[in-house]
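Here's the structure we're looking at; comments come further down.
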Amino acid sequence: MKARIPLMIQDPRTSTLAGIRATEGFDPVHEDFFLDGPVTKRVAVLDFSPTTGELLKGAYFRPPPPGRKRGWYSYTRTGPKNDVYKAKEKQLYSPVFMQTSVFATVLKTMYLFEEEKEGTEEEVLGRHVNWAFGAPQLLIIPRAGEQANAFYHRDSHSLQFFYFRSPKDRRKIIYTCLSRDIVAHETGHAIVDGLAPDLLDACTPQSLAIHESIADLTALLMSFASHTLAPKVLEKTKGSLDVSSTAFSCIAEEFGKELYPEREGLRELRNTKNLNPMDKKNFVRDDHPHDLSEVLSGALYRTMINIHEQLKPEIAKKPRYAEREDPEFSASGEALRVGAKRLRRMIFRALDVLPSGEIGFPDYGRAIIAVDQIAYPADDNMRNLICKEFVLRHIINDEKALRVQTNFEDDALKDIELADLYSSDWVAYDFANKNKELFCIPVRGKPIPFHVRPRLSVKKKYDDKHPAGKIGHECIFKIAWQHEEPNPIGSGYPQKRVITVGTTLVIDWKTRKILARLTSSPPTKYRLKCQKLDSQQRKLARHEYKQQQAARDKFLRRLADEGILKIGKHAIDPTGQPRKSVVMAEVSGDTMRIRHTANMLHIVGRGADL
Amino acid sequence: METLQVRVYNVLFGDAILISIPDQNPNGEIETRHVLIDVGNVLSKTKGGLDDVFKPVIKNILEVLDGQPLDLYIMTHEHLDHVQGLPYGEEKIYLGSDDELRQKLQTRHAWLTASAREGYYEDHPDAKKRKLELMRIYAEIDSYIRVRSASREPILEAIKALWMNNNPRKTADCVKYLRSIGENTSYVYRGFDSLNQSPFHEAKIEIWAPEENTAEYYGRFRPAFRALGVTRLSEGGRGKQSVIEPIPPQGVDAGAFYNLVNSRKEIFESLLAIDKAANNTSVVFSLEWRGYRLLFTGDAEERSWKTMDKYGVLKPVHFLKVSHHGSHNGTPEPELLDKILPLERPDEKPRYAIVATWKGTYQNVPDEETLSLICDRCDKLYYAQKENGEMRNLGDYVDIKFEAEGQEVPS
Chain A
37 MKARIPLMIQ DPRTSTLAGI RATEGFDPVH EDFFLDGPVT KRVAVLDFSP
87 TTGELLKGAY FRPPPPGRKR GWYSYTRTGP KNDVYKAKEK QLYSPVFMQT
137 SVFATVLKTM YLFEEEKEGT EEEVLGRHVN WAFGAPQLLI IPRAGEQANA
187 FYHRDSHSLQ FFYFRSPKDR RKIIYTCLSR DIVAHETGHA IVDGLAPDLL
237 DACTPQSLAI HESIADLTAL LMSFASHTLA PKVLEKTKGS LDVSSTAFSC
287 IAEEFGKELY PEREGLRELR NTKNLNPMDK KNFVRDDHPH DLSEVLSGAL
337 YRTMINIHEQ LKPEIAKKPR YAEREDPEFS ASGEALRVGA KRLRRMIFRA
387 LDVLPSGEIG FPDYGRAIIA VDQIAYPADD NMRNLICKEF VLRHIINDEK
437 ALRVQTNFED DALKDIELAD LYSSDWVAYD FANKNKELFC IPVRGKPIPF
487 HVRPRLSVKK KYDDKHPAGK IGHECIFKIA WQHEEPNPIG SGYPQKRVIT
537 VGTTLVIDWK TRKILARLTS SPPTKYRLKC QKLDSQQRKL ARHEYKQQQA
587 ARDKFLRRLA DEGILKIGKH AIDPTGQPRK SVVMAEVSGD TMRIRHTANM
637 LHIVGRGADL
Chain B
54 METLQVRVYN VLFGDAILIS IPDQNPNGEI ETRHVLIDVG NVLSKTKGGL
104 DDVFKPVIKN ILEVLDGQPL DLYIMTHEHL DHVQGLPYGE EKIYLGSDDE
154 LRQKLQTRHA WLTASAREGY YEDHPDAKKR KLELMRIYAE IDSYIRVRSA
204 SREPILEAIK ALWMNNNPRK TADCVKYLRS IGENTSYVYR GFDSLNQSPF
254 HEAKIEIWAP EENTAEYYGR FRPAFRALGV TRLSEGGRGK QSVIEPIPPQ
304 GVDAGAFYNL VNSRKEIFES LLAIDKAANN TSVVFSLEWR GYRLLFTGDA
354 EERSWKTMDK YGVLKPVHFL KVSHHGSHNG TPEPELLDKI LPLERPDEKP
404 RYAIVATWKG TYQNVPDEET LSLICDRCDK LYYAQKENGE MRNLGDYVDI
454 KFEAEGQEVP S
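For the record, the sequence lines run as chains A and B.
Each number in my numbering corresponds to the 1-based position in the first sequence with 36 added.
Each number in my numbering corresponds to the 1-based position in the second sequence with 53 added.
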């Protein structure tokens, strides 16, 4: 069924300041049904009254009139279907508008990862997103309570958007559900959790930072995708992305401005933050995921700026633009669309091939390089830009650290039936067990138990000039196991901890070639041999692992110090549920395992950490 | 040979401690000084909160004083399990007649935690903001639990205990009484100048906590305010309150819906945050006397211990009143514990600790692992409620004695 739903273009403040209308319409194309709420099979809005707590009546769905295909949700009593474009400022604050807008924003964010239009399912992931909580429906609470906060909470299958009174004017209420950035950001968390569920239990600060960063970039891509906002911003910046404090580069303007009047928003993506301790102004501590995330988002936003700058003159040569007064400015919109498409493919597809477990920025960087190399083998421009940016920001010491071998043959895959490998856990396990070296699973000493994750069969769009054709068919195969390392975080904690590590194989369904192999396995001699790395790459891999391990120590020490890290029963509430205000350390003998580190991302402490 | 005595009463889940200190005045005469700490227990009638305990306790305190004035009363923090005993005694045992208990105690000095001062929050806007946030949340939870209880719906004991112990109205009534108990009342914090407010000539009291500005004790986790579905009374206060139970709308998975509804109440987490904030305002003080250092901790939790460490006040002690009834959060991590009960003892003197607790009142309190950590560092860990596994009578006590040797206190 189809429907037209209104959603916020940015937030009430930005709309007023930028002189653009507040809302635009969104037409989801592949929902099975629409119900009052709004409710669909995949998303349900539950609006609890802020004053009584009762569940309020949800927005009414008007089914399509006879002979028409599209129904609509209306936020006005009379409800003409085209009112999606005409919301007055007062109407934005009506519960029904908030319900419909948050719903549309969540769905539109999901479509960013799936398909924008009917029949474009190979565009990004090549599949629909699944939630990490193993149920079909994400529950959305537009007015979850009073606090400057919003979060995704896996255990309750929910996105919760809070509201707060403006510190400057107590009569004014800021609703986080009315900020498209915030809604897209939190939806981004839920989607990333479905794609890479280990990240929210990871104790490597960069793993959590990747979550934050992708959530911010999801908000960015949503603003690129707005047919109203994008031209307006480009008009203001004379066709450039290389401008600070725009509706593109600023995350959560209204929210940030209310809490931090000296800033333009909560976070600025056009930044020069880095991991170089010598750069006092821009250096970011390696144990604070929110701060760290700005380094990665900054690097990827800068890559987007660069690619946009490169695309503009190329596109401006097209006859359509060449004759205009300012061809590059005229081409800036198309350059944005083309660049954003490529960026979206890179950063979202990379999540699907990330190795399981503890991940650092370089792992994510290699995943980006791998998916781009698979899809655009002849065009290494974007990859080079990313490598340079990672070096500039001291995420890696040498571009070589991001090199990934792609599209190679391995004898192990010669006789295997991929359909069986995909559908049968037993076949997959047996294959991995017989080919441990291929997966870098340690073979010396006590046999290491490993888990086979569900395989993915995905069809994705590649470069139009790709030698294997425009559409590739991949089998993504992930293995995970536990690795033990010292845990020097204080005498109140076990001396060892286990972390999850793993390997991903991306296999070409047609050729049975390995399109990419990515691993988070510690850089033992054995692993380095398995990967056939040269001596410099080996050195880089060891350095990278040491850095991540030290960051884990520092991060866990800090959590312990702040009273957030709790052992076993102290992390459980009287009903037996995990406590939301703590990170759980499960202890078995002298070994500790961390769970629910994501909790620390939305404990409101130092202001607001969305 | 003079003996300092710490008497810890069995008040079930609560604190009541009487210290008797031989104190040499400038003329060389020994006068016994008495310091009373807290007196209270939780409200729960079934779980460590029987009021009957106060009668024998107060009777014994008066016997020990033997008509002499109480030199110093210390209220560590504003929680009922620490403050309700004396007001209860005044009202229920002495029937509130002419302030009989107050007159019998003849308290010379009363020290109350800094934030108990009237007008304190007006002077500390940061702390006020956090306090008001929590009080608003408490009020909502309070209405919710009351309505639930009125309909005889079961409330988890762990939640009930936190709810009752943090009742702001009842606590305020008790604190009001305690503010007026002494001839001289002071509101104390680290750095408080006790020169003219201390009854001692020889013994020395040093306040380690709280900080004067309590804003930093509120912790990183900030619970959010949520309406919990309690219907309001109609105009004029008529009608019965009830709790609205949402039902899943069409198309929403019922299991996930009810899980969400329960999860977002966050009653336990919110009450715990409220409880911690008050616990961390506990007056923590050391008492130095003839080579001994005794540490009384109220219910100080992790955050307070970290702050004390930050300001370098932690020193080895010979006696520890185990904080917060033996909870996991009340005792600092081993690195900090080492600073007060070092594994390598700095002298040959005996080391004791005592815990006043009642199993089952609070979730995971006492925490056996925590107590065993303390036990390993002391000659003996006493329990206020039991001796050799046998329960003491209500209001009975345990005496811990320190004999004078004239040694220096290790630093």
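Using N, Cα and C, we set each Cβ at its ideal position, and we do this for glycine too.
No experiment lies behind these values; they were computed from the predicted model shown.
Asked: With 16 other CB atoms within 10 Å as the buried threshold, where does Met146 (chain A) fall?; Found: buried
Asked: Between Ile630 (chain A) and Val619 (chain A), which are expected to be in contact by the criterion C-beta below 8 Å, what is the C-beta distance as a whole number of angstroms?; Found: 6 Å
Asked: Is Gly120 (chain B) helix, strand or coil when you go by DSSP?; Found: coil
Asked: Could you check whether the segment 210 to 221 of chain B touches the segment 347 to 354 of chain B, counting it as contact only if at least three pairs of C-beta atoms, one from each stretch, sit closer than 8 Å?; Found: no
Asked: Please go through the same chain and pick out, in chain order, the residues whose beta-carbon is closer than 8 Å to the beta-carbon of Gly224 (chain A), but skip the five residues on each side of it.; Found: Thr145, Ile250, Ala251, Asp252, Leu253, Thr254, Ala255
Asked: What's the call for Ala586 (chain A), buried or exposed, on a 16-neighbour Cβ count within 10 Å?; Found: exposed
Asked: State the Cα-Cα distance for the pair Val494 (chain A) and Trp167 (chain A), rounded to the nearest angstrom.; Found: 17 Å
Asked: With distances taken from CA atoms, which of A:Ala245, A:Thr156, A:Leu474 is nearest Gln584 (chain A)?; Found: A:Ala245
Asked: Could you give the uninterrupted runs of the beta strand (DSSP E) lying entirely in the segment 488 to 522 of chain A, keeping only those of 3 residues or more?; Found: 492 to 497, 507 to 522
Asked: Is any beta-carbon of chain B found at less than 8 Å from that of His606 (chain A)?; Found: yes
Asked: Please check the pair Gln573 (chain A) and Arg419 (chain A), which I expect to be a contact at CB under 8 Å, by giving their CB distance rounded to whole angstroms.; Found: About 17 Å; that fails the 8 Å criterion.
Asked: In this structure, how does DSSP classify Ile41 (chain A) when only helix, strand and coil are distinguished?; Found: strand
Asked: Quick one: grab the DSSP three-state call for Cys428 (chain B).; Found: helix
Asked: Thinking Ser192 (chain A) and Ala280 (chain B) are a contact (beta carbons under 8 Å), I'd like their distance in whole angstroms, please.; Found: At roughly 17 Å, the Cβ-Cβ gap does not stay under 8 Å, so Ser192 (chain A) and Ala280 (chain B) are not in contact.
Asked: Are the beta-carbon atoms belonging to Cys476 (chain A) and Ser557 (chain A) less than 8 Å from one another?; Found: yes
Asked: Take Thr536 (chain A) as the anchor and find which of A:Glu521, A:Ile543, A:Ser527 has the nearest alpha-carbon.; Found: A:Glu521
Asked: Less than 8 Å between the CB atoms is what I'm expecting for Asp68 (chain B) and His177 (chain B), so what's the real figure, rounded?; Found: Incorrect: roughly 26 Å between the Cβ atoms, too far for contact.
Asked: Beta carbons nearer than 9 Å to chain A: which residues of the segment 263 to 290 of chain B have them?; Found: Gly272, Arg273, Phe274, Arg275, Pro276, Ala277, Phe278, Arg279, Ala280, Leu281, Gly282, Val283, Thr284, Arg285
Asked: DSSP beta-bridge partners for Asp195 (chain B)?; Found: Partner(s): none; Asp195 (chain B) has no beta bridge.
Asked: Given this structure, state the Cα-to-Cα distance separating Gly292 (chain A) from Tyr271 (chain B), to the nearest angstrom.; Found: 23 Å
Asked: Measure from the C-beta of His87 (chain B) to each C-beta in chain A and report whether the shortest distance is under 8 Å.; Found: no
Asked: Report the CB separation of Gln289 (chain A) from Arg49 (chain A) in whole angstroms; it is logged as a contact under 8 Å.; Found: The residue you asked about is not Gln; residue 289 (chain A) is Glu in the sequence shown. At roughly 6 Å, the Cβ-Cβ gap stays under 8 Å, so Glu289 (chain A) and Arg49 (chain A) are in contact.
Asked: Taking Ser262 (chain A) as the reference, give the member of A:Lys514, A:Met37, A:Lys506, A:Glu60 with the closest Cα.; Found: A:Glu60
Asked: Quick one: grab the DSSP three-state call for Gly292 (chain A).; Found: helix
Asked: By Cβ distance below 6 Å, which residues in the same chain neighbour Lys181 (chain B) in space, the five residues on each side in sequence not counted?; Found: Tyr174
Asked: To the nearest angstrom, report how far apart Met449 (chain B) and Gly138 (chain B) are at their CA atoms.; Found: The amino acid occupying residue 449 (chain B) in the given sequence is Asp; Met does not appear at that position. Taking the straight line from one Cα to the other gives about 15 Å.
Asked: Could you give the residue range of the beta strand (DSSP E) that holds Glu354 (chain B)?; Found: From DSSP, Glu354 (chain B) is part of no beta strand (DSSP E); its letter is neither H nor E.
Asked: Closer than 9 Å by beta-carbon distance: list the chain A residues that pair up with Gln303 (chain B), in chain order.; Found: Leu71, Asp72, Gly73, Val75
Asked: Determine whether the Cβ of Ile600 (chain A) lies closer than 8 Å to any Cβ atom of chain B.; Found: yes
Asked: Counting only Cβ pairs nearer than 9 Å, list the residues of chain A close to Ala309 (chain B).; Found: Ala80, Phe169, Ala171, Gln173, Leu175, Ser192, His193, Ser194
Asked: Comparing C-alpha positions only, which one of B:Thr160, B:Gln294, B:Glu255, B:Leu187 sits nearest to Ser239 (chain B)?; Found: B:Thr160
Asked: Might you give, ordered along the chain, the residues of its own chain that have their beta carbon closer than 6 Å to the beta carbon of Asn63 (chain B), omitting 5 neighbours on each side?; Found: Ala437, Gln438, Arg445, Asp449
Asked: Quick one: using the 10 Å Cβ neighbour count with 16 as the cut-off for buried, is Ile83 (chain B) buried or exposed?; Found: exposed
Asked: Give the residues of chain A in contact with Glu355 (chain B), contact being defined as C-beta atoms less than 7 Å apart.; Found: Gly599
Asked: Give every residue of the same chain whose Cβ lies closer than 8 Å to the Cβ of Gly643 (chain A), excluding the five residues on either side of it in the sequence, and list them in chain order.; Found: Because Gly643 (chain A) carries a pLDDT of 48, less than 50, the predicted location of this residue cannot be relied on, and no value is offered for it.
Asked: On the DSSP bridge assignment, give the partners of Asn237 (chain B) in chain order.; Found: B:His162
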